[in-house]
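K.L.:
Have a look at this one.
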Amino acid sequence: MAIWGKFFKKHEEEALSEKRRRPRLVCAVVTEFADPAGKTWSCKIVDMSENGLGLATSAHLTKGSTVNIIRPSIEAKVVWVGDEKAGLSIIR
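In this text, residue positions in the sequence shown follow our numbering: the first is 10, and each later residue adds one.
Okay, here's the thing in structure tokens:
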């Protein structure tokens with residue numbers, strides 16, 4: 010059991026060091042965003058850092074597209090997309 014514990018702990022530390030360049034603040038802000046076609050979708054900002062946001066939404070987002078979050082006013086580029094989650098890089 011101890012061997013597996015060491016393996017998973019090391020793997021988890023490597024994964025965290027590769028994915029997170031800056032610490033993120035966990036939050037829950039319910040808001041809306043407009044996609045490139047102009048359609049408005051509801052979403053929740055689940056975490057944020059100086060350069061990025063984690064977003065939970067049922068909207069279909071594509072990597073590389075730009076979205077405009079309405080409140081607060083943020084323009085961001087979609088960096089990665091998962092099942093009802095997305096990572097955004099803040100443009101302005």
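Think of the CB as a built atom: it goes at the ideal place given N, C-alpha and C, for glycine as much as any other residue. Here the structure is a predicted model, which means the values were calculated and not measured.
Determine the burial state of Val-76: buried for a count of at least 16 other Cβ atoms within 10 Å of its Cβ, exposed for fewer.
P.N.:
To locate residue 76, count along the sequence shown from 1; it is residue 67. Counting Cβ neighbours within 10 Å, Val-76 comes out buried, since at least 16 surround it.
K.L.:
Which same chain residues end up closer than 7 Å to Ile-83 when comparing Cβ atoms and leaving out the 5 residues on each side of it in sequence?
P.N.:
The residue given as residue 83 occupies position 74 in the sequence shown. Closer than 7 Å at the Cβ level, and outside the excluded window around Ile-83, lie Ile-99.
K.L.:
Cutting at 6 Å between CB atoms, please list the residues of its own chain near Val-39, excluding the five before and the five after it.
P.N.:
Numbered from 1 along the sequence shown, position 30 holds the residue referred to as residue 39. Once the five neighbours on either side are set aside, the close Cβ partners of Val-39 are Lys-53.
K.L.:
By the DSSP assignment, the beta strand (DSSP E) with Gly-96 in it spans what residues?
P.N.:
Against the sequence shown, residue 96 aligns to sequence position 87. 94-99 is the span of the beta strand (DSSP E), which, as asked, contains Gly-96.
K.L.:
Since Val-38 sits in a beta bridge, which residues does DSSP pair it with?
P.N.:
Taking the sequence shown and counting its residues from 1, one reaches residue 38 at position 29. The partner list for Val-38 (beta bridge, DSSP) reads Ile-54.
K.L.:
Between the alpha carbons of Gly-47 and Glu-41, how many angstroms are there, rounded?
P.N.:
The sequence position of residue 47 within the sequence shown is 38, counting from 1. The sequence position of residue 41 within the sequence shown is 32, counting from 1. Rounded to whole angstroms, Gly-47 to Glu-41 spans 12 Å at the Cα level.
K.L.:
Which residues in the same chain as Met-57 place their Cβ atom closer than 8 Å to its Cβ, once the five residues preceding and following it in sequence are excluded?
P.N.:
By 1-based counting over the sequence shown, the position of residue 57 is 48. Arg-33, Leu-34, Cys-36, Gly-63, listed in sequence order.
K.L.:
Residues in the same chain with beta-carbon distance under 8 Å from Lys-72, minus the five sequence neighbours each way, listed in chain order, please.
P.N.:
The residue you call residue 72 lines up with position 63 of the sequence shown. Result list for Lys-72: Val-87, Val-88, Trp-89, Val-90, in chain order.
K.L.:
What residue does the beta strand (DSSP E) around Ile-79 start on, and which one ends it?
P.N.:
As a working note, residue 79 is residue 70 in the sequence shown. Premise fails: Ile-79 is in no beta strand (DSSP E) and is neither H nor E.
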